[in-house]
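Undergrad:
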Amino acid sequence: MTAHTLDELLADGVRGRHVLVRSDLNVPLDGSTVTDDGRVRASLPVISKLAEAGARVIVMAHLGRPKGMPEEKYSLRPAVDRLAELASFPVRLADDVVGPSARELSAELGDGEVLVLENVRFDARETSKIDAEREDLARELAALTGADDAPRGAYVDDAFGAVHRKHASVYDIASILPSYLGELVRAEVEVLKRLTEGAERPYVVVLGGSKVSDKLAVIDNLIGKADRLLVGGGMLFTFLAAQGHKVGSSLLERDQIPTVQAYLERATAAGTEFVLPTDVVVASKFAADAEHEVASADAIEETGFGEAGIGLDIGPDTAAAFAKEIAGAKTVFWNGPMGVFEFPAFAAGTKAVAQALADATAAGALTVVGGGDSAAAVRTLGFADSQFGHISTGGGASLEYLEGKELPGLTALGA
Ligand code: ADP
Ligand code: MG
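Read in order, the letters of the sequence shown are residues 1 to 415 in this note's numbering.
Below, the structure is given as structure tokens:
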């Protein structure tokens with residue numbers, strides 16, 4: 001089965017029809033300020049196309065991980081305010097998901113108007129493990145498109161960041177309404193296919209970020225596929241520990257050491273080379289203003305901070321070595337910041353890798369940045385989206401795709 005596309009829906013005509021769109025508006029917030037509006041911007045084209053074609057658009061989205069009930073700090077309000085600023089059409093936010101406000105406002109929608117439902121995860125059925133509960137919510141969501149008019153309703157999945165979830169607004173809804181693949185999801189899948197099926201070589205993968213266990217499955221699947229795996233970020237310390245080095249008070253997932261050791265042993269025979277840091281920026285404490293020194297990767301505890309030292313970035317030699325590997329690549333996938341880039345003193349490694357990817361893009365390589373924090377990092381460090389081949393909006397989803405897992409949201413659409 002091949003999935004129906006947004007263009008097919010637009011060709012069918014949407015004027016006067018209610019169209020439910022699952023978008024990814026899961027933006028990072030500082031209080032009620034959107035610190036990176038990348039996902040809002042990325043969601044805008046599909047919503048705009050539908051609105052401009054006269055559809056009555058109902059957007060479903062989640063933000064953070066509320067516990068199945070309304071919580072002010074997880075309101076979509078800041079994301080919706082940003083959407084309204086960027087949009088050329090009226091946008092309203094319902095007070096609830098499928099309650100009286102959502103029902104009333106959807107019924108009132110005019111052609112070309114947009115309603116965003118409150119955080120779908122305010123309804124516990126969205127993420128329920130019980131099929132009947134999710135299906136129940138999906139039916140109520142579908143009903144917002146007009147009960148008598150139901151065959152005229154439609155569903156568009158444009159939330160790549162959620163396709164790996166078997167949730168009501170992503171999975172169950174697709175078996176109720178005629179369903180279509182949004183352009184964002186289509187573009188993501190196209191790029192990820194190029195990374196998994198016959199990527200142009202050399203193929204270099206750069207991994208960082210804070211949790212090794214999150215990324216181990218993808219490493220497992222990339223051994224034998226990627227030519228080089230460069231490891232930075234918080235996960236590098238588990239790799240150094242696996243090689244027998246001491247890592248002071250750095251982030252360490254001790255229980256993952258045997259798994260990492262097995263990967264290191266397997267890689268060479270499979271034709272994949274791990275490139276591990278040779279130097280690290282070690283800080284006295286986890287703070288923006290911490291004192292810091294560059295240490296050799298095998299002597300992290302030999303700085304003035306002793307065992308208390310915490311590695312918060314890759315060192316300058318490592319950053320240069322990583323940049324050189326990236327410069328020689330035809331395909332680069334990067335997930336996870338190289339250091340605690342949120343603190344300017346520890347952002348150099350991440351910046352160097354971002355610059356190397358930007359240069360590789362300019363030289364004709366396919367470069368892909370995946371992961372919410374990585375995408376936020378390149379933007380806060382002053383890079384433009386156009387300096388990369390593709391910035392994935394889905395962190396977990398793109399990793400699961402690269403792991404070779406089946407993604408429920410894509411399966412439901414026949415993609
Ligand atoms: P992404 O969202 O791109 O997949 P992650 O969520 O895995 O990335 O990790 C991002 C976080 O990793 C950042 O907030 C960054 O501060 C943190 N990080 C990077 N390097 C380190 C380190 N050496 N120690 C602790 N945290 C780190
Ligand atoms: Mg993250």
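Even glycine gets a Cβ: it sits at the ideal position worked out from N, Cα and C.
Could you pull the start and end residues of the beta strand (DSSP E) that valine 14 belongs to?
TA: Here residue 14 refers to the residue found at position 14 when the sequence shown is read from its first residue. Premise fails: valine 14 is in no beta strand (DSSP E) and is neither H nor E.
Undergrad: Hey, how far is the Cα of threonine 393 from the Cα of arginine 82?
TA: Stepping through the sequence shown from its first residue, residue 393 is reached at position 393. Stepping through the sequence shown from its first residue, residue 82 is reached at position 82. Approximately 17 Å between the Cα atoms of the pair.
Undergrad: What is the DSSP secondary structure of asparagine 221, counted as helix, strand or coil?
TA: In the sequence shown, counting from the first residue as 1, residue 221 sits at position 221. Helix, per DSSP.
Undergrad: Less than 7 Å separating the Cβ of glycine 395 from some heavy atom of the ligand MG?
TA: Along the sequence shown, one-based indexing puts residue 395 at 395. The answer is yes for glycine 395.
Undergrad: Given 7 Å as the limit, tell me if valine 322 has its C-beta closer than that to any heavy atom belonging to the ligand ADP.
TA: Working through the sequence shown from its first residue, we reach residue 322 at position 322. Strictly speaking, residue 322 in this sequence is phenylalanine, with valine absent from that position. Result no, Cβ not under 7 Å from the ligand ADP.
Undergrad: Quick check: what's the CA-CA separation for glycine 370 versus valine 205?
TA: In the sequence shown, the residue the question calls residue 370 occupies position 370. In the sequence shown, the residue the question calls residue 205 occupies position 205. The alpha-carbon atoms of glycine 370 and valine 205 are separated by roughly 11 Å.
Undergrad: Is there contact between the region 95-107 and the region 127-145, where contact requires at least three CB pairs shorter than 8 Å?
TA: At 8 Å Cβ cutoff, the stretches touch.
Undergrad: Would you verify that the beta carbon of glutamate 400 is, or is not, closer than 8 Å to some beta carbon of chain D?
TA: Checking the listed chains, one finds no chain D in this structure; it contains a single protein chain.
Undergrad: Are the region 172-181 and the region 30-47 touching, with three or more C-beta to C-beta distances below 8 Å?
TA: no
Undergrad: Please report the straight-line C-alpha distance between alanine 308 and alanine 384, rounded to a whole angstrom.
TA: Counting from 1 along the sequence shown, the entry for residue 308 is found at position 308. Counting from 1 along the sequence shown, the entry for residue 384 is found at position 384. Cα-Cα distance, rounded: 37 Å.
Undergrad: Have a look at Ala84, Val57 and Thr380 and flag the residue whose alpha-carbon is nearest the alpha-carbon of arginine 22.
TA: Stepping through the sequence shown from its first residue, residue 22 is reached at position 22. Nearest C-alpha to arginine 22 among Ala84, Val57 and Thr380: Val57.
Undergrad: In chain order, what residues of the same chain have a beta carbon less than 7 Å from the beta carbon of serine 374, not counting five sequence neighbours either side?
TA: As a position in the sequence shown, residue 374 is number 374, starting the count at 1. Apart from sequence neighbours up to five positions away, the residues of its chain that approach serine 374 with a beta-carbon distance below 7 Å are Trp334, Asn335, Gly336 and Pro337, ordered along the chain.
Undergrad: Any heavy atom of the ligand ADP within a distance shorter than 7 Å of the CB on lysine 211?
TA: For the purposes of this step, residue 211 is taken as residue 211 along the sequence shown, with counting starting at 1. Yes, the ligand ADP has a heavy atom inside 7 Å of this Cβ.
Undergrad: I need the straight-line Cα distance from glutamate 400 to arginine 228, nearest angstrom please.
TA: The residue you call residue 400 lines up with position 400 of the sequence shown. The residue you call residue 228 lines up with position 228 of the sequence shown. Cα-Cα distance, rounded: 20 Å.
Undergrad: Ordered along the chain, which non-local residues of its own chain (more than five positions away) have a Cβ less than 8 Å from that of alanine 348?
TA: Taking the first residue of the sequence shown as 1, we reach residue 348 at position 348. The beta carbon of alanine 348 sits closer than 8 Å to those of Val281, Asp313, Pro316, Ala319 and Gly339, all from its chain and outside the five residues before and after it, given in chain order.
Undergrad: Put arginine 92 into one of helix, strand or coil per three-state DSSP.
TA: Locating residue 92 in the sequence shown gives position 92, counting from the first residue. Correct three-state label for arginine 92: strand.
Undergrad: Is the region 319-329 touching the region 293-308 in the sense that three or more CB pairs, one from each, lie closer than 8 Å?
TA: Under the three-pair Cβ rule at 8 Å, the region 293-308 does not count as touching the region 319-329.
Undergrad: In chain order, what residues of the same chain have a beta carbon less than 7 Å from the beta carbon of leucine 216, not counting five sequence neighbours either side?
TA: Sequence index remark: in the sequence shown, residue 216 carries index 216 (1-based). Taken in chain order, the residues that qualify are Gln256 and Thr259.
Undergrad: Pull up the distance between the alpha-carbon of glycine 64 and that of leucine 115, whole angstroms please.
TA: Here the question's residue 64 lines up with position 64 in the sequence shown. Here the question's residue 115 lines up with position 115 in the sequence shown. Using only the alpha carbons, I get a separation of about 20 Å.
Undergrad: Between alanine 79 and valine 46, is the Cβ-Cβ spacing less than 8 Å?
TA: Mapped onto the sequence shown, residue 79 falls at position 79. Mapped onto the sequence shown, residue 46 falls at position 46. Against a cut-off of 8 Å, the Cβ pair of valine 46 and alanine 79 comes out as no contact.
Undergrad: Excluding the 5 residues preceding and the 5 following glycine 396 in the sequence, name in chain order all residues of the same chain whose CB lies nearer than 7 Å to its CB.
TA: As a first step, residue 396 is located in the sequence shown; it is residue number 396 there, counting from the start. Around glycine 396: His164.
Undergrad: Look at the alpha carbon of glutamate 197 and the alpha carbon of serine 169, and state the distance between them as a whole number of angstroms.
TA: In the sequence shown, the residue the question calls residue 197 occupies position 197. In the sequence shown, the residue the question calls residue 169 occupies position 169. Each residue's Cα considered, the two are about 29 Å apart.
Undergrad: Counting only the same chain and skipping the five closest in sequence on each side, list residues whose C-beta sits under 6 Å from that of alanine 150.
TA: Taking the sequence shown and counting its residues from 1, the one referred to as residue 150 is at position 150. Confidence at alanine 150 is low in this model, with a pLDDT of 47, below 50, so the placement of that residue is unreliable and no value is reported for it.
Undergrad: Ordered along the chain, which non-local residues of its own chain (more than five positions away) have a Cβ less than 7 Å from that of glycine 54?
TA: For the purposes of this step, residue 54 is identified with residue 54 of the sequence shown, where counting begins at 1. Around glycine 54: Val14, Arg15, Gly16, Asp111 and Gly112.
Undergrad: Can you give me the C-alpha to C-alpha distance between aspartate 220 and arginine 201, rounded to a whole angstrom?
TA: Locating residue 220 in the sequence shown gives position 220, counting from the first residue. Locating residue 201 in the sequence shown gives position 201, counting from the first residue. Approximately 19 Å, taken between the alpha carbons.
Undergrad: Return the chain-ordered list of same chain residues with a C-beta closer than 6 Å to the C-beta of leucine 117, the five sequence neighbours on each side being excluded.
TA: Reading the sequence shown from its first residue, position 117 is the one you call residue 117. Cβ within range, chain order: Met60, Ala94, Val97 and Ala102.
Undergrad: Give me the Cα-Cα distance between glutamate 133 and arginine 125, rounded to the nearest whole angstrom.
TA: Locating residue 133 in the sequence shown gives position 133, where the first residue counts as 1. Locating residue 125 in the sequence shown gives position 125, where the first residue counts as 1. Answer to the nearest angstrom: the Cα atoms are 5 Å apart.
Undergrad: For glutamate 400, verify whether its CB is less than 7 Å away from any heavy atom of the ligand ADP.
TA: Residue numbering aside, residue 400 sits at position 400 when the sequence shown is read from its first letter. Checking every heavy atom of the ligand ADP against the Cβ of glutamate 400, none is found closer than 7 Å.
Undergrad: Measuring CA to CA, which of Arg379, Ala363, Leu6 and Lys330 is closest to threonine 350?
TA: To locate residue 350, count along the sequence shown from 1; it is residue 350. Closest option to threonine 350, Cα to Cα, is Arg379.
Undergrad: For threonine 331, report the span of its beta strand (DSSP E) as first-last.
TA: Stepping through the sequence shown from its first residue, residue 331 is reached at position 331. First-last of the beta strand (DSSP E) with threonine 331: 331-335.
Undergrad: Alpha carbon to alpha carbon, what distance is there between aspartate 157 and glycine 382?
TA: Walking along the sequence shown from the start, residue 382 turns up at place 382. Walking along the sequence shown from the start, residue 157 turns up at place 157. Glycine 382 and aspartate 157: Cα-Cα distance of roughly 30 Å.
Undergrad: Quick one: residues in its chain with C-beta nearer than 6 Å to the C-beta of leucine 261, no 5 flanking neighbours on either side, listed in chain order?
TA: Here residue 261 corresponds to residue number 261 of the sequence shown, with the count starting at 1. This sequence places glutamine at residue 261; leucine is not what is there. Excluding the 5 residues flanking it on each side, glutamine 261 has same chain C-beta neighbours closer than 6 Å at Ala242, in chain order.
Undergrad: Report the three-state DSSP secondary structure of arginine 228 (helix, strand or coil).
TA: Sequence index remark: in the sequence shown, residue 228 carries index 228 (1-based). In the structure shown, arginine 228 sits in a strand (DSSP, three-state: E or B).
Undergrad: On the premise that leucine 402 lies in contact with valine 218, defined as a C-beta separation below 8 Å, what is that separation, rounded to the nearest angstrom?
TA: Numbered from 1 along the sequence shown, position 218 holds the residue referred to as residue 218. Numbered from 1 along the sequence shown, position 402 holds the residue referred to as residue 402. At roughly 5 Å, the Cβ-Cβ gap stays under 8 Å, so valine 218 and leucine 402 are in contact.
Undergrad: Below 8 Å CB to CB, which residues in the same chain sit around alanine 321 once its five sequence neighbours on both sides are set aside?
TA: Counted from its first residue, the sequence shown places residue 321 at position 321. Val275 and Thr278, listed in sequence order.
Undergrad: With a Cβ-Cβ cutoff of 8 Å, do phenylalanine 122 and aspartate 24 count as a contact?
TA: Residue 122 sits at position 122 when you count from the first residue of the sequence shown. Residue 24 sits at position 24 when you count from the first residue of the sequence shown. Cβ distance not < 8 Å, so phenylalanine 122 and aspartate 24 don't count as in contact.
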